[in-house]
Every structure is written in C-alpha cells, then in structure tokens.
Amino acid sequence: MSWGAAGSVAAVVVVGVIVASSSSEQVDQVPAAATARAERATITATINGKGVIAAASTASAGFIDGGRVNTISVAVGQTVAAGQELATVDPGPADLALEKANGALAAAQSSLDAARQTAQAAVDSLTAAKTALATLAADAPERQSTEATVRDLTAQGPSQRDAVAQAEKVRDDARRDVAAAQTARDQTTLLAPIAGVVTAVNGTVGTILSGGQSSQATSDGANAASAAVSAGLVSISDVSSLRVTASIPEADIASVAVGQTATVTLPVKGTEPIAGTVIAVAPTPQSSTDGVVTYAVTIQLAATPPGVRLGQTAIVAVTVATAENATVVPAEAAQLSSTTTGTVEVRSTSGKTKTVDVTIGITTPTQVQIVAGLEPGDTVQFTTPTAQPVTGDGVDGQMPDGGDGSFGGPQ
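Reminder that position 209 of the sequence shown reads as 252 in the numbering used here, one-by-one numbering, no gaps.
Given below as structure tokens:
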C-alpha cells in the first residue's frame, strides 16, 4: 500500500469520526447576565388542584314498600320538574290494604257511636230519676225504688265513660291506619323529589323491588351523586348549581380557607375559565393509595356554562394571596433566605451592582413581591440559563480520545 493510499484510508476514517462527533452535539446551560426593572403590578398566588364536576344537589327516588314496577316514565338525560311522576308499581296490594283499613275505621266509628249513645241514654235516665226523686215525699212508696235506680245509674257512669274512651282510641288507631294505607297507596307512584336531570334509572318495567328505598335529596356533591345512583330506582342531579371537589396537597392546604376565590378550568376545547368560591375545606385527609396525602376542597361554581357535564375533569386554581400596586421583580432576581427575607442585586446607572437586603411578600413561579428594600424603577441584575452548544467529546477543537486533529499515518 502506498502512502497516498494509506492517507486516503485515514481520511475516510477521520471523516467518519467527524460525522459521528457532529451527530452527538449537546446543549449545555450556562449562566448569562440579565437585567429587569422593578415595576408596580398586581401579583396573585394560587394553589392548584384537580377534581371533577358534580351537582351541588342530588336526589335518589325509590319505593319504600317495593312491588312490581308497572311503568317508568323517564329516561337517563331527561330533565324533570320537582313532583313529576317518575315510575309506578302495581297498586293492587296497596288498594286492598286501604280498603281494609277504611272498613276497620267504619266499624270502629260505629262502635264509638253505639258506646256514646249508651252512655248518653244512661245520663238521660239518671237525670230523669234524680228529677223524679226530688218530687217524691219522704214516705212515698216509690221513693225507695227510685233511689235504687239513681244509685245503679250513677255506678254505671265510670264504666260507660271508659267504654266511650276505649271506642275513641280504637277509632283513632283506625284513622291512623287509614292514613298510613293512603300514604302507601300514594307511594305506588314515584315522584321527583327535586328538579334536575335524570342520571340513572336502576330498573325496568316488570322488575320486582324489595322495598326499603326512599326518596331523599342531599347536597354532598360528588360523593352524594355516587351514593344516589345506587340508592333508588331513579337518580336526579340538579345541574343548575355545580361544584368541584378538588384534591389539594398537604403542603398547601394550610393556605386554603372558606371564602377564597378560585378559577376552574375544564380541559375541553373552547371552554372558558369559570369563577368559583371555596365553600368547604375537609378537616381530615382523604385516603391515599400512592403515599400522597391530600385534602378535599369544595368549590362552588358561580355559573353553569353551556356544555359542562357532570364528571368532567376540572383543574382548580385557588387564590390564596393577592396584592395590587405591588413592587415586583422576576422570580430569578430574588435570592430567598426565608419566606419573608432575601436579597437582590441592584444595578446602578454606572453599571455597578450591589447586594440589597429585601423583605419578601407574595411569591409565584414567575414573580416575587418586594415589600421593602426596593423601589419601582430600580434595575435588578440576575443570571438566567442560556443555551450554548458543545460539540463532540473534546473541547477547543480537539478530537476525541486525545487526538490532535491530523489524519494519522507517518509524518
């Protein structure tokens, strides 16, 4: 092989190394000086969480006495008014029970009427006997028998009054039985306890229900909604008032309080942020499966935008602090030594810098409020990472593995 040929081979090898070195180019971050003016602005600190949209009020409607479902008048997604018919069960057993109760009431009322008539007749007889006795002379032959009649009728009085009282009790019990039977008959028709949207129908016509259900409304938000679905035949959610129950990390929960404003954002194209207010902060943490401790915070939405659906994911930003007309600098410009103190590098018009102690207020990922130590218009200097390419594995143009850049071979 000639030197020329060897040189050609070496050149090919080097070209390969150069290409490989070029392809492994990386970017390092190196500090670069930057300046900014302290300015007056409104600064707001928020704490973020994630939850789901839920109705503020939900209801579960079910049959207390059960029975065979005759009709179902609504479907999932249908809007209903309070008191609207939802479903019915076979009224036959209830009708029979009501008829029996009414019969018992009629009999009880007849017995009471008879007892009262007997008692009244005894009273009338006693009155007549006493009147007759008063007109008799002391030695009248019939006086002795009349006195006996007065004694007998007087002795019968308590028992006759007791008979009337007992008959009244039986009649009152029968009235209550009729009222209960009428209620049971009325409850064979299921009515909506609240206005809203039907979210679940847990049965079909012909289903035999065991009873023990009830119609009840709750305002437990997302938890209530899930409970209502399994509690009755028909579940309803009032979508005119919505809430979000968001999970807030334990490190941030101390800053959250009832009454704070919040912004709710839905990750759905075209939806605008929704204003809200914190209405509840859980005193105890939620159960955790990943070791992260969180607390439930409930936010009431100020409005119900079109297209919002129950169960949608919601991103919540709770405003925990805000300051208007505050002196602020970029977050990179302040070196914090505590939550309330720090330093900034102030640059004079001559270009010289000095370290100034400052009092810190609200901090955000992008801005820091300076409460004292800096004035609006002051220039602060700080460093920011700037991208700078670094080529290959060597520096200053040297080849990898200590090469000197030559093609190799005899010199």
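Idealized CB from N, CA, C, for every residue including glycine. In this text the structure is predicted, and so the values were computed from the model without any measurement.
Can you name, in chain order, every residue of its own chain whose Cβ lies under 8 Å from the Cβ of residue i, other than the five neighbours on each side?
i: residue 254; result: 106, 107, 108, 109 and 110
i: residue 309; result: 96, 317, 351, 355, 356, 357 and 358
Look at the alpha carbon of residue i and the alpha carbon of residue j, and state the distance between them as a whole number of angstroms.
i: residue 317; j: residue 426; result: 37 Å
i: residue 76; j: residue 381; result: 24 Å
i: residue 307; j: residue 113; result: 43 Å
i: residue 150; j: residue 219; result: 14 Å
i: residue 466; j: residue 370; result: Nothing about residue 466 can be reported from this structure: the residues present for the chain run from 44 to 454 only.
i: residue 290; j: residue 314; result: 22 Å
i: residue 182; j: residue 189; result: 12 Å
i: residue 205; j: residue 184; result: 35 Å
i: residue 165; j: residue 223; result: 36 Å
i: residue 177; j: residue 139; result: 57 Å
i: residue 201; j: residue 171; result: 19 Å
i: residue 396; j: residue 345; result: 49 Å
i: residue 156; j: residue 162; result: 10 Å
i: residue 187; j: residue 195; result: 13 Å
i: residue 217; j: residue 141; result: 11 Å
i: residue 248; j: residue 127; result: 18 Å
i: residue 154; j: residue 208; result: 11 Å
i: residue 82; j: residue 379; result: 19 Å
I believe residue i touches residue j by the beta-carbon criterion, under 8 Å. Please report the beta-carbon distance rounded to the nearest angstrom.
i: residue 399; j: residue 389; result: 5 Å
i: residue 376; j: residue 387; result: 6 Å
i: residue 158; j: residue 210; result: 4 Å
i: residue 90; j: residue 405; result: Their Cβ separation, rounded to whole angstroms, is 12 Å, which puts residue 90 and residue 405 out of contact at 8 Å.
i: residue 122; j: residue 240; result: 6 Å
i: residue 286; j: residue 329; result: 16 Å between Cβ atoms; not a contact.
i: residue 320; j: residue 304; result: 6 Å
i: residue 384; j: residue 407; result: About 17 Å; that fails the 8 Å criterion.
Within its chain, find whatever has a CB closer than 7 Å to the CB of residue i; leave out the 5 residues flanking it on each side and keep chain order.
i: residue 173; result: 193
i: residue 130; result: 112, 114, 115, 116, 233, 276 and 277
i: residue 94; result: 287, 288, 289, 290, 357 and 359
i: residue 238; result: 123, 124, 125 and 281
Which one or two residues does DSSP pair with residue i in a beta bridge?
i: residue 221; result: BP columns for residue 221 are empty, so no partner.
i: residue 93; result: 290 and 358
i: residue 424; result: 78 and 388
i: residue 107; result: BP columns for residue 107 are empty, so no partner.
i: residue 23; result: The requested residue 23 does not occur in the structure, where the chain is confined to residues 44 to 454.
For residue i, collect the residues of the same chain with a Cβ closer than 6 Å to its Cβ; drop the 5 residues on either side in sequence, then sort them by chain order.
i: residue 65; result: Note on residue 65: pLDDT 40, under 50, position unreliable in the model; no value is reported.
i: residue 269; result: Here the model assigns residue 269 a pLDDT of 41, short of 50, so the residue's position is not dependable, and the following value carries that caveat. Here the set comprises nothing.
i: residue 245; result: 276
- Query: Does the count of Cβ pairs from the stretch 230 to 248 and the stretch 123 to 142 closer than 8 Å reach three?
  - Reply: yes
- Message: With three or more C-beta pairs closer than 8 Å as the rule, is the stretch 353 to 360 touching the stretch 324 to 339?
- Response: Segments in contact, no.
- How do the stretch 273 to 292 and the stretch 97 to 105 stand: do at least 3 beta-carbon pairs fall below 8 Å, yes or no? yes
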